[in-house]
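Chemist:
In the numbering used here, the protein residues as written are 382 to 630.
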């Protein structure tokens, strides 16, 4: 079974899709990442092997999609995800969100619960713009963002990238960890205990906030932020298989 590549909308948003049985699987990538990463590719193979519908895409300003990364915000990328979900899938889907994608997936589930059959967060990072960026930036960086509109943050995964005032301010409109997260769907979180970017306690806090009774957190001893080793990917497959009542092998 071959993935179909295409674009959606004026931006345009690049995507790859597999036709197959429902509920389908939608992968939502992380901040400054794209749909060609190891987790997205693994899920494409996993779904193809089982005849399962699958969709992966790039947010605006990411990967093969149009737009500029520095113009992006959580609200804008959420709108991208909502458009892709509405136009390219049918019925409830399993949302799998990595890092920032976990935040976007949760926001989607809160806004469109009828389109969500379940959710898997991989090092999910809701509220990261406030808790893991702004709250931890030194005053000099905050001042630069306030006065110049951006700061270029170094990255361990490649070139540095801009953190904009718009990203921080828009992020405040989408914070979810401050109260109950009203979601009545099965939710699974996978988190590495050696994650240097998003503390694993973040997933425990999420589990406490989500109102669903069907929430599980799996901590991976020695696991990093990406969780892309063969063992990590196999765990992701088993987790997805269990949600879909398949064997996950």
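Glycine included, every Cβ here is placed at the ideal spot set by N, Cα and C. Bear in mind that the values here come from a model prediction, so they are computed numbers and not experimental data.
May I have the straight-line CA-CA distance separating residue 422 from residue 495, to the nearest angstrom?
Modeler: Between residue 422 and residue 495, the C-alpha separation is close to 27 angstroms.
Chemist: Classify residue 578 as helix, strand or coil using the three-state DSSP reduction.
Modeler: Residue 578 falls in the coil class under three-state DSSP.
Chemist: Are residue 483 and residue 516 touching if we call contact CB-CB under 7 angstroms?
Modeler: No; because the gap between Cβ atoms is not below 7 angstroms, this pair is not in contact.
Chemist: To the nearest angstrom, how far is it from the Cα of residue 408 to the Cα of residue 478?
Modeler: Cα-Cα distance, rounded: 6 angstroms.
Chemist: Pop quiz: residue 457 and residue 441 are said to be a contact at Cβ under 8 angstroms. What is the actual Cβ separation, rounded to whole angstroms?
Modeler: Sure, about 6 angstroms apart at Cβ, within 8 angstroms.
Chemist: Mind checking residue 575: buried by the 16 CB within 10 Å criterion, or exposed?
Modeler: Answer is exposed; the Cβ neighbour count stays below 16.
Chemist: Here's the rule: buried if 16 or more other CB atoms are within 10 angstroms of the residue's CB, otherwise exposed. What is residue 555?
Modeler: Residue 555 should be labelled buried.
Chemist: Which residue comes first and which comes last in the alpha helix (DSSP H) that contains residue 423?
Modeler: Element bounds for residue 423: 419-431.
Chemist: Do residue 596 and residue 584 have their beta-carbon atoms positioned less than 7 angstroms apart in this structure?
Modeler: Taking 7 angstroms as the Cβ cut-off, residue 584 and residue 596 do not qualify as a contacting pair.
Chemist: Which residue or residues does DSSP assign as beta-bridge partners of residue 599?
Modeler: Per DSSP, 571.
Chemist: Using 8 angstroms for Cβ pairs, my map puts residue 571 next to residue 601. What's the rounded Cβ distance?
Modeler: With 8 angstroms as the limit, residue 571 and residue 601 qualify as a contact, their Cβ atoms being about 7 angstroms apart.
Chemist: Would you call the CB atoms of residue 489 and residue 460 closer than 7 angstroms?
Modeler: Not in contact: residue 489 and residue 460 (Cβ atoms no closer than 7 angstroms).
Chemist: Between residue 392 and the rest of its own chain, which residues show a CB-CB distance below 8 angstroms, the 5 nearest in sequence each way excluded?
Modeler: Excluding residues within five positions, the ones whose Cβ falls inside 8 angstroms are 441, 446, 447, 448, 461.
Chemist: Residues in its own chain within less than 8 angstroms of residue 629 by CB, not counting five upstream and five downstream?
Modeler: With a pLDDT of 42 at residue 629, under the threshold of 50, the modelled position of that residue is not reliable, and no figure is offered here.
Chemist: Should residue 510 be counted as a contact of the ligand ADP given a C-beta to heavy atom distance under 6 angstroms?
Modeler: With respect to the ligand ADP, the structure offers nothing, as it holds no ligand at all.
Chemist: Relative to the C-alpha of residue 581, which candidate in 567, 569, 560, 606 has its C-alpha closest?
Modeler: Of the listed residues, the one whose Cα sits closest to residue 581 is 606.
Chemist: Alpha carbon to alpha carbon, how far is residue 511 from residue 553? Give it in angstroms, no decimals.
Modeler: Each residue's alpha carbon lies about 7 angstroms from the other.
Chemist: Could you spell out where the beta strand (DSSP E) holding residue 515 opens and where it closes?
Modeler: Run containing residue 515: none; DSSP gives neither H nor E here.
Chemist: I'd like the span of the beta strand (DSSP E) that includes residue 397, first residue to last.
Modeler: Residues 394-399.
Chemist: Going along the chain, which residues of its own chain have a beta-carbon closer than 8 angstroms to the beta-carbon of residue 425, five neighbours each way excluded?
Modeler: Around residue 425: 384, 397, 399, 435, 437.
Chemist: On the premise that residue 406 lies in contact with residue 474, defined as a C-beta separation below 8 angstroms, what is that separation, rounded to the nearest angstrom?
Modeler: Confirmed, about 7 angstroms.
Chemist: Output yes or no for whether 7 angstroms exceeds the beta carbon distance between residue 480 and residue 411.
Modeler: In contact: residue 480 and residue 411 (Cβ atoms closer than 7 angstroms).
Chemist: Using CA atoms only, rank isn't needed, just tell me which of 540, 614, 625 is closest to residue 420.
Modeler: For residue 420, the nearest C-alpha among the options comes from 614.
Chemist: So what does residue 611 bridge to, in DSSP terms?
Modeler: Looking at the DSSP assignment, residue 611 forms no beta bridge with any residue, so it has no partner.
Chemist: Quick one: what's residue 474 bridged to in DSSP?
Modeler: Answer is 405, 497.
Chemist: Is it the case that the Cβ atoms of residue 593 and residue 565 are separated by a distance below 7 angstroms?
Modeler: Contact flag set, yes.
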